[in-house]
């Protein structure tokens, strides 16, 4: 079965302006600079190669990741290769990885009405629970696209929402649209990701990486095992704490309330 996937929104000037405005709207402030140097690795959609190759690399370092699942992709195939199965969900959950929500149908949350988004994520929650996953506590916007209304609605369902704005999350971050840095290409394309590892080393914060498939010939938004392992080695050498997105956000909350 071929899994459906929508197109990315236009990269025109108007769309860029709308995205900037959305980042300023429906914010839920969170302080991610609390003396800790946190890193999370996440996988969107998620391809089987992320569940196998990606998980194996993280586990080499004793770490666990977050897998953002759209239930409609179960047992599917698309440009990212084979997509996750129920067995992948069961194995990852048993080994301590996090299963997050990515909408049921991988819909664009910037253009769909809030009621449509809310119904879609509720269906996704039910289907993921039926597959043996705990109720998701973190969410990632498909395509990184959000609206103020979607941020508001989804912020009621999840502890935190992840976007794709390229930044380290520090003070005055937005729990309704956390920044994240893409891992794309092969080991020779590691400069950007490594620059954010260096950025985190300069001051406390929370760095979230995301990618899609993890294989030798990845799709447009995936990476090779070599790139993922190279970034993991840099994070390990720096001595940062690594945990899934939901766990990292939960770890920040007691410190923020005590401040």
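Residue numbers (the numbering used here): 43 to 301. Glycine included, every Cβ here is placed at the ideal spot set by N, Cα and C.
- Residue 82 places its beta carbon less than 9 Å from that of residue 250.
- Looking at the DSSP output, residue 181 bridges to 143, 203.
- For residue 218, the closest C-alpha among the options 231, 228, 191 is that of 191.
- As DSSP reads the structure, residue 84 sits in a beta bridge with 108, 252.
- The count of Cβ pairs closer than 8 Å, one atom from the stretch 125-137 and one from the stretch 78-94, reaches three, so the stretches are in contact.
- The alpha carbon of residue 259 has as its nearest neighbour, out of 197, 187, 278, 91, the alpha carbon of 91.
- CA-CA distance, residue 293 to residue 212, rounds to 14 Å.
- Under the three-state reduction of DSSP, residue 274 is assigned to helix.
- Separation of residue 97 and residue 257 (C-alpha to C-alpha, rounded to the nearest whole angstrom) is 12 Å.
- If you look at residue 167, you'll find it in the alpha helix (DSSP H) that goes 156-172.
- Residue 123 sits in a strand when the DSSP states are folded into three classes.
- Take the alpha-carbon of residue 208 and the one of residue 221: they are about 6 Å apart.
- According to the DSSP secondary-structure assignment, residue 215 is paired through a beta bridge with 72.
- Residue 143 and residue 134 have their C-alpha atoms some 15 Å from each other.
- For residue 237, the enclosing alpha helix (DSSP H) begins and ends at 233-244.
- Judged by beta-carbon spacing, residue 146 lies beyond the 9 Å limit of residue 171, meaning their Cβ atoms are not closer than that value.
- A distance of 9 Å or more separates the beta carbons of residue 157 and residue 149.
- Annotation: residue 69 to residue 234 spans about 27 Å, alpha carbon to alpha carbon.
- Under the three-pair Cβ rule at 8 Å, the stretch 225-233 does not count as touching the stretch 188-205.
- Per DSSP, residue 210 lies in no alpha helix (DSSP H) segment and is marked neither H nor E.
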